[in-house]
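Encoded as structure tokens, the structure appears first; notes follow it.
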Amino acid sequence: MLELRLVQGSLLKKVVDAIRDLVNDASFDCSATGFSLQAMDSSHVALVALLLRSEGFDHYRCDRNISMGMNLNNMAKMLRCAGNDDIITFKGDDGSDTVSFMFESPTQDKISDFEMKLMDIDSERLGIPEAKYQAIVRMPSTEFARICKDLGSIGDTVVISVTKEGVKFSTRGDIGSANIVCRQNTDVDKPEQATTVEMNDPVSLTFALRYMNSFTKATPLSNQVTISLSSELPVVVEYKIAEMGYVRFYLAPKIEE
Amino acid sequence: QHRQFPIIIFFAMT
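Protein chains in written order, with the numbering used here: chain A, 5 to 261; chain B, -6 to 7.
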């Protein structure tokens, strides 16, 4: 028996919208720790890891570990039927081939029930080793999204370079080239507007912009994004979900031959 | 010339 209740139901919508551009079908795992997912994109170049900790839910019951294969577009279709202020309760039963979503309006005058079919998914789980990154950049998530969108209209790849000057995003395409430098800036009115650059060693890596632009679908989840870089390691683009957990995207760098 | 490797090259299967 599985029962998860989330008063801030819109959060679940945002989570699904954050990852469905990258992954079509995924296996959600439920345990005492929380509701989690790990999935690769169809080209096996990027990986998404989601964690919603059990403490973050208003009610969390998970009698035993359970994996549920879901189609994210179908899940989005169901969640789109919930109002933005609705309370969402997600229910599953051992051995059942469906799960259910219940949406309650804040005033309790409308209650909707949706049942969604589960899918059989062969999920391969990857072990992600702890790494000490050469550079960690924290910046406003909207700023990062803007940079990826702007550079995506000029080139296919982005070179992210971190030096003591700050972080530089560069691209090159048929029409020309572009460089955007963001300097560390903590002198701001609100902490979420800050850009911080933590650098142990300078680092410069090349990534496909298509994936970076896909990661920015998670922007509504968090005001800040954390980009962790190390030579010849996948970059980690992390959006923290307040009080609950995170969505982390890993992207393999393009390596010079 | 840059080449894109699958992410599995970087992480182990568990």
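For each residue, glycine too, the CB sits at the ideal point set by N, CA and C.
- Interface residue (Cβ-Cβ distance to chain B less than 7 angstroms): P238 of chain A is classified as such.
- In terms of Cβ geometry, A198 of chain A and L155 of chain A do not form a close pair [threshold 7 angstroms].
- Excluding sequence positions up to five before and after R129 of chain A, its CB lies within less than 6 angstroms of the CB of Q42, all in the same chain and listed in chain order.
- Restricting attention to A:Q228, A:G170 and A:T175, the CA atom closest to the CA of K194 of chain A is found in A:Q228.
- Residue contact check for E260 of chain A against chain B: a CB pair falls below 7 angstroms.
- In this model, L10 of chain A and F61 of chain A are separated by some 5 angstroms (Cα to Cα).
- In this structure, A80 of chain A lies away from R252 of chain A, with their beta-carbon atoms at least 7 angstroms apart.
- Within the model, the alpha-carbon separation for G99 of chain A versus E134 of chain A is close to 35 angstroms.
- With distances taken between CA atoms, R24 of chain A lies nearest to A:F219 out of A:F219, A:D178 and A:G131.
- Taking the C-beta atoms as reference points, M203 of chain A is found no nearer than 7 angstroms to A256 of chain A.
- For Y254 of chain A, the neighbours in chain B by C-beta distance under 9 angstroms run, in chain order, I0, F3 and F4.
- Judged by DSSP in its simplified three-state form, V240 of chain A adopts strand.
- Contact annotation: the region 56 to 73 of chain A touches the region 116 to 128 of chain A, with at least three C-beta pairs closer than 8 angstroms.
- Within the region 36 to 65 of chain A, those residues whose Cβ lies closer than 8 angstroms to any Cβ of chain B are, in chain order, M44, S47, H48, V49, A50 and L51.
- Here the C-alpha atom of K136 of chain A lies approximately 22 angstroms from the C-alpha atom of F173 of chain A.
- When 7 angstroms is used as the limit between beta carbons, T200 of chain A is near no residue of chain B, the shortest such separation being about 26 angstroms.
- Bounds of the alpha helix (DSSP H) holding F219 of chain A are L213 to F219.
- Between I2 of chain B and P238 of chain A, the CB-CB gap reaches or exceeds 7 angstroms.
- Taking a Cβ-Cβ cut-off of 8 angstroms, the neighbours of I132 of chain A in chain B comprise F4, given in sequence order.
- Judged by beta-carbon spacing, T93 of chain A lies beyond the 7 angstroms limit of K121 of chain A, meaning their Cβ atoms are not closer than that value.
- DSSP places D154 of chain A inside the alpha helix (DSSP H), whose first and last residues are S145 to G156.
- Excluding the 5 residues flanking it on each side, I245 of chain A has same chain C-beta neighbours closer than 6 angstroms at L225, in chain order.
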